[in-house]
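Shown next, in structure tokens, is the structure this report addresses.
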Amino acid sequence: MLFILACLYFFHGTISAAPISNVLRDAITPDFNSPSSQCPCPDQQRSLWDILWSCLATIFACTWVSVHPNIPPSGEKWWKTALRRLELMFWAVIAPELIILWAMKQFFGARAMVKEYWGHGWTKTHAYFIQMGGFTLYEGGTPKGVLLPGEMQSLLIAGKIDLPQITEEEIRDRSKGDGLSKALVIGQTTWFVAQCIVRRAQGLILTELELVTGAFAALNGVMYFLWWNKPLDVRCPVPVHILDEPRPVGRRFKFKATQQPQQPGWFSASLFSPCSLKLAITHWPWDAIFSLMSVTYCISANLFSCSVIQIRQAHLKTVMKAVVFSLFYPLKLFYTRLLDIADLGGNSYTTLTVPSSVSTVFTFYANTDFTSDLVDDLLIPSFTWTIAALFGSLHCAAWFFAFPSHAELILWRVCSALISIIPLGLLLFFMAIFAGDNMESFGSGKSFEVVEFTLFIFSIFFLPIYAIARLLLLGEAFATLRYLPPRALAVVDWLSFLPHI
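Going by mature numbering (1 follows the signal peptide of the UniProt record, and there is no 0), the letters in the sequence shown line up with residues -17 to -1, 1 to 484, in that order.
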């Protein structure tokens, strides 16, 4: 990681200035030839490549370096591990608030585990380590599978294993992230945000790409806070052996949990796993969606079966199959993965169990065995969707920015409004469902079913719209770089901004 960050720093110095374009924008943009739009310091300008490099380096730091993945399966090919990281980066770009949701689940899960094992030397680092698949259960020298938090508690109560005695320093030694690498990432994002603030304070123009990057940098701070004690890029788990003879537990472990640990139901199989779709789609309402898609596909496949000219239209039938498949299969993958990551904010519609023979946890696994319903069903989704709404509102800061065309201005306003409003709608629905689960007068009648069905319809139609709006905003942020006014290329005058004699 330090090598990547060092390359980003040293290559940044090789960028040279490019000539300024003389192309003017449409009538909605200000006159860049007017004195108020001219750069006051023509000899101190940044180039388009400077803007691109600074933004891309910050986005890379926020979506690749800052994301802490779980331990990959033992013996996994390097390209599969790289694909897994690229997938995490993709979701961090498209829906970074969902990565925040995953981090928040692991954060509260780690806090709850520390309370359970208080007095036995376990810290948050240990709790994160077991959530990311850091322990493998062995019996007679044979690996039995990954040791999950609920299973470890059951085995400890039965006296079949000893509590893993690995220290926090040993776990940190396995981590690829140290204080220096974290300081470099935090320094890069903090410097970028400070530069954007100073540009606005000095009356300089902030580009749309810098605004989008600043929103990523703001979320990066939240992500680092939640994952500060989680090890980074650990590849090998620690073995935990089943004892030959169970030991009497006595009073060694007094767990505070009143409910029996449940099998984790919030996980993800890999996109390149052949069983990911079969594992993820097991319960209403998602199976109804995919069943409807399958019916539509079957209807289209047999659309011409009764035709007299069936042989002549065979190629049309093949084309129809390809069209329907190309339309519905990406949507199927999107909903499947979205359900894996978000679990609808803590209200699980699936009762999936992790097989006892798997060698590691799934990509987006987070333990919720020890967290309360209030935390898992209300607090976590409320924080997540609030952060998502704030993230979207940052894009609304460009509401009155100058755009190359009026259509692009309207597109930005619509998309930024959508990514701000949709999370608020989801927040209200989840609060209503939580209230319905805890108030008999509300949930006993048809009203509670109406709320759940409305949330179902809302999620089906608006979550893809949310993802499309995010992609459009990213594309438009890059597209607006084709016409930049002189004040957008002016550098910050730090001497005039900082107090000095």
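Positions of the beta carbon are idealized from the N, C-alpha and C atoms, including for glycine.
Predicted model, so just to flag it, every value in this text is computed and none were measured.
Query: Bounding residues of the alpha helix (DSSP H) (the contiguous stretch that carries valine 176); Result: 162 to 184
Query: Cβ contact check for the segment 202 to 210 and the segment 68 to 83: 3 or more pairs under 8 Å; Result: yes
Query: Reference phenylalanine 118, options Glu191, Trp61, Val221 and Lys143, closest by Cα; Result: Val221
Query: 7 Å Cβ shell around valine 97 - same chain, five flanking residues per side excluded; Result: Trp105, Thr106, Lys107 and Ala110
Query: Local conformation of valine 221 per DSSP, three classes; Result: strand
Query: Spatial neighbours of histidine 224 in its chain, beta-carbon cut-off 6 Å, leaving aside the 5 residues before and after; Result: Tyr121
Query: Test item: CB-CB of serine 37 and phenylalanine 199 under 8 Å; Result: no
Query: Other residues of its chain near alanine 471: CB distance less than 6 Å, five sequence neighbours each side excluded; Result: Ile188 and Thr190
Query: Assigned exposure category for proline 231 - 16 Cβ within 10 Å defines buried; Result: exposed
Query: Exposed unless 16 or more other CB atoms sit within 10 angstroms - verdict on threonine 125; Result: exposed
Query: Counted within 10 angstroms of its Cβ, other Cβ atoms place isoleucine 448 as buried (16 or more) or exposed; Result: exposed
Query: Helix, strand or coil at glycine 58 [DSSP, three-state]; Result: coil
Query: Spatial neighbours of valine 29 in its chain, beta-carbon cut-off 6 Å, leaving aside the 5 residues before and after; Result: The sequence shown places arginine at residue 29, rather than the valine named in the question. The answer, listed in chain order, is Leu472 and Val474.
Query: Where the beta strand (DSSP E) through glycine 128 begins and ends; Result: 125 to 129
Query: Residue closest to residue 503, alpha-carbon to alpha-carbon, out of Gln178, Phe384 and Thr346; Result: In this structure the chain extends from -17 to 484, so residue 503 is not present and cannot be described.
Query: Alpha carbon of serine 164 to alpha carbon of glutamine 171, nearest angstrom; Result: 11 Å
Query: For leucine 120, the residue or residues it bridges with in DSSP; Result: Gly128 and Val223
Query: Close beta carbons around threonine 354, own chain, < 7 Å, minus the five adjacent residues each side; Result: Phe91, Gly92 and Ala95
Query: Coarse secondary structure for glutamine 28, derived from DSSP in three states; Result: strand
Query: Serine 376, enclosing alpha helix (DSSP H) - first and last residue; Result: 363 to 378
Query: Test item: CB-CB of tryptophan 395 and glutamate 459 under 8 Å; Result: yes
Query: Those residues which DSSP pairs with alanine 473 across a bridge; Result: Gln28
Query: Cα-Cα separation between histidine 51 and arginine 155, rounded to whole angstroms; Result: 13 Å
Query: Cα-Cα separation between threonine 369 and phenylalanine 386, rounded to whole angstroms; Result: 29 Å
Query: Backbone secondary structure at aspartate 356 - three-state DSSP; Result: helix
Query: Chain-order list of residues whose beta-carbon lies under 6 Å from that of valine 358 (same chain, five-residue window excluded); Result: Phe91
Query: Per-residue burial, aspartate 360 [other beta carbons within 10 Å of its own, 16 or more giving buried]; Result: buried
Query: Cα-Cα separation, aspartate 161 to proline 468; Result: 41 Å
Query: Reduced DSSP category for glycine 102 - H, G, I as helix; E, B as strand; rest coil; Result: coil
Query: Three-state class that DSSP yields for alanine 44 in the structure shown; Result: helix
Query: Proximity of alanine 78 and arginine 453 at Cβ, strictly below 8 Å; Result: yes
Query: Separation of arginine 67 from lysine 60, as counted between CA atoms; Result: 11 Å
Query: Distance, serine 442 Cα to leucine 401 Cα; Result: 13 Å
Query: Straight-line gap, alanine 349 to isoleucine 393 (C-alpha atoms, nearest Å); Result: 39 Å
Query: Contact belief for leucine 410 with serine 376 at Cβ below 8 Å, rounded distance in angstroms; Result: Rounded, the Cβ-Cβ distance is 13 Å, inconsistent with contact.
Query: Coil, strand or helix - threonine 64 by DSSP; Result: helix
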